[in-house]
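For reference, the structure is listed below as structure tokens.
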Amino acid sequence: TKIEKVITKALITHELNKEEIIMLLEAEGKDKELLFQEADKLRKNNFGDEVHLRGIIEFSNYCSRECFYCGLRCQNHVVNRNRMTIDEIYEAAKEARNQGYMTIVLQSGEDSWYKVDILAELINKMKDNLDLAITMSVGEHSKNFYKILREAGADRYLLKHETSDKELFEKLRPGTTLQGRLNRLKDLRELGYQIGGGFMVGLPGQSIETLADDILLTKELDVEMAGIGPFIPHPETPLRGYPVGSVSMVLKVIAITRLLLPLTHLPATTALANLSPEGRFKALSCGANVIMPDLTPMIYKTNYEIYPKSSELLNFDNSFASWEKELLQHGRRVSKDYGHTPKPGFFA
Ligand code: SAM
Ligand code: SF4
3 TKIEKVITKA LITHELNKEE IIMLLEAEGK DKELLFQEAD KLRKNNFGDE VHLRGIIEFS
63 NYCSRECFYC GLRCQNHVVN RNRMTIDEIY EAAKEARNQG YMTIVLQSGE DSWYKVDILA
123 ELINKMKDNL DLAITMSVGE HSKNFYKILR EAGADRYLLK HETSDKELFE KLRPGTTLQG
183 RLNRLKDLRE LGYQIGGGFM VGLPGQSIET LADDILLTKE LDVEMAGIGP FIPHPETPLR
243 GYPVGSVSMV LKVIAITRLL LPLTHLPATT ALANLSPEGR FKALSCGANV IMPDLTPMIY
303 KTNYEIYPKS SELLNFDNSF ASWEKELLQH GRRVSKDYGH TPKPGFFA
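If you read the sequence shown in full-length UniProt numbering, its first letter stands for residue 3, the second for the next number, and so on.
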């Protein structure tokens, strides 16, 4: 069939044009199953059965931005704002390392309360004492800011492009531009970070063409990781009432991204798990190879409400041991190393 031809081409060249991507995005039934199977095989050939666990610490829900999709936007006056102290962040990372986590992701809103030197000192201390890979995800900053964190020891940076539609981007992220975001990604690239990109699936105003462009942009950026998850509306944002992103579409987008970026780490995102606990495991069987368990202490976790979090997700046992057991039941092993990118030439 036509779909088989497109998938075969993707498996050989890891290149597809927009039209071909749209065909795969529209696949249903047997075609969709074939897409998932081939993405799963490719994942297995390149990464084996190992799943990388990245423990995430959401250390501050203060944010000066007003992204239309996000519950942390500064105009949300309903949410309780709080910040973890530097010592609390360090202790949470230490506890994670003791359990077996080898990567810690520090994420927050754009919160200028944490001065760059303080963050650098924290990263430095974590690198010296905890033997961890560190990923930062604290939004858009100057190249100098990124440089200081990189020199302090940060290994990776997560900054999703969110949507490849320029107009939609500017509408949903007032005061910022897609080009500005891409410039930040270029800065991060030049500083030698392993880059985490990605985007949301199901944003209001997004079309199937946009999604194809999102996949193509991710390919062009050649990111080391791509976080792809459903949009989930938050009641205290302008996008309240819009439908949630489709789980099936998210899975197709992950599978296609796997075909085009065979060596890129793809998480089965928390947003997906929030919609359907099974969704996360389905993602692991159609191309994904990473899980990002939330290790934020409970009070902070509850208030870090990007989107409404299900109580199931909030109360999930995210200990390293529990994930080892859970993944074993799904036929997968937990990786015990840092899980740096396997892309050739990255580590000189
Ligand atoms: N402030 C940083 C930034 O924006 O890059 C990091 C934290 S931000 C909360 C992390 C990610 O949450 C964003 O990249 C965005 O894709 C995602 N996000 C925000 N609101 C969302 C929503 N309503 N549904 C799904 N994902 C959402
Ligand atoms: Fe702030 Fe990030 Fe949420 Fe935008 S997505 S409001 S920058 S936390």
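All residues carry an ideal CB built from backbone N, CA and C; glycine is no exception.
| Three-state secondary structure assigned by DSSP to Asp296 | strand
| query | Can the beta-carbon of Pro232 be found less than 8 Å from the beta-carbon of Leu277? | reply | yes
| task | With the ligand SF4 as the reference, list in chain order each residue whose Cβ lies under 6 Å from any of its heavy atoms. | result | Cys65, Arg67, Cys69, Cys72, Leu74, Arg75, Gly111, Glu112, Gly141
| task | Using the Cα positions of His342 and Arg158, report the straight-line distance between them to the nearest angstrom. | result | 9 Å
| request: Can you grab the Cα-Cα spacing for the pair Gly204 / Gly194, in whole Å? | output: 32 Å
| request: Use the C-beta contact count for Pro54: other C-beta atoms within 10 angstroms, 16 or more gives buried, fewer gives exposed. | output: Per the sequence presented here, residue 54 reads as His, with Pro not at that position. Result: buried.
| request: Determine the closest residue to Cys76 out of Pro344, Arg175, Arg186, Ala154, with distance taken between C-alpha atoms. | output: Arg175
| request: Give a single yes or no on whether Leu253 has its beta carbon closer than 7 Å to a heavy atom of the ligand SAM. | output: no
| request: Work out the CA separation of Ile88 and Ile9 for me, nearest whole Å. | output: 48 Å
| query | Are the segment 245-258 and the segment 291-306 touching by the rule of at least three beta carbon pairs closer than 8 Å? | reply | no
| Could you give the residue range of the alpha helix (DSSP H) that holds Thr220? | 210-223
| message | Alpha carbons only, please: which of Asp119, Lys20, Leu315, Gln181 is nearest the one belonging to Glu280? | response | Leu315
| request: Out of Ile24, Phe49, Glu123, point me to the one whose CA is closest to Ile91's CA. | output: Glu123
| said: Quick check: residue 1 and Ile150, are their CB atoms within less than 8 Å of each other? | reply: Coverage of the chain is limited to positions 3 through 350, which leaves residue 1 absent and any answer about it impossible.
| request: Evaluate Phe348 with the Cβ neighbour count: other Cβ atoms within 10 Å of its Cβ, from every protein chain shown; 16 or more gives buried, anything less gives exposed. | output: exposed
| message | On the CB-based measure, 16 or more other CB atoms within 10 Å of its CB, does Arg242 come out buried or exposed? | response | exposed
| Distance CB(Ala12)-CB(Leu218) smaller than 8 Å | no
| task | Could you tell me if Arg45 is buried or exposed, where buried requires 16 or more neighbouring beta carbons within 10 angstroms of its beta carbon? | result | buried
| said: Using 8 Å for Cβ pairs, my map puts Ile136 next to Ile120. What's the rounded Cβ distance? | reply: Incorrect: roughly 15 Å between the Cβ atoms, too far for contact.
| Among residues of its own chain, excluding the 5 on either side of Lys145, which ones have a beta-carbon nearer than 7 Å to its beta-carbon? | Asp189
| message | So, does the segment 223-230 touch the segment 262-271, judging by three or more C-beta pairs under 8 Å? | response | yes
| query | Glu60 lies in the beta strand (DSSP E); which residues open and close that run? | reply | 52-62
| message | Looking at Glu112: is its Cβ nearer than 8 Å to the Cβ of Arg67? | response | yes
| said: Phe61 and Arg85 - do their beta-carbons sit closer together than 8 Å? | reply: yes
| task | Assign Leu330 to one of two classes, buried (16 or more other C-beta atoms within 10 Å of its C-beta) or exposed (fewer than that). | result | exposed
| message | Once DSSP output is grouped into helix, strand and coil, what is the label at Arg242? | response | coil
| So what does Leu108 bridge to, in DSSP terms? | Ile59, Met138
| said: Just to confirm before moving on: does the CB-CB distance between Pro14 and Asp33 stay below 8 Å? | reply: The question names Pro, yet the displayed sequence has Ile at residue 14. No, these two residues do not count as a Cβ contact at 8 Å.
| said: Against chain B, with Cβ distances strictly below 8 Å, would Ser248 count as a contact? | reply: Checking the listed chains, one finds no chain B in this structure; it contains a single protein chain.
| message | One question on the structure: do Gly73 and Tyr244 come within less than 8 Å of each other, judged by their Cβ atoms? | response | no
| Glu280 - DSSP class collapsed to helix/strand/coil | helix
| request: Leaving aside the five residues before and after Thr212 along the sequence, list all residues of the same chain whose C-beta is less than 6 Å from its C-beta, in chain order. | output: Asp167
| Inter-residue spacing [alpha-carbon to alpha-carbon] between Ile59 and Ala95 | 8 Å
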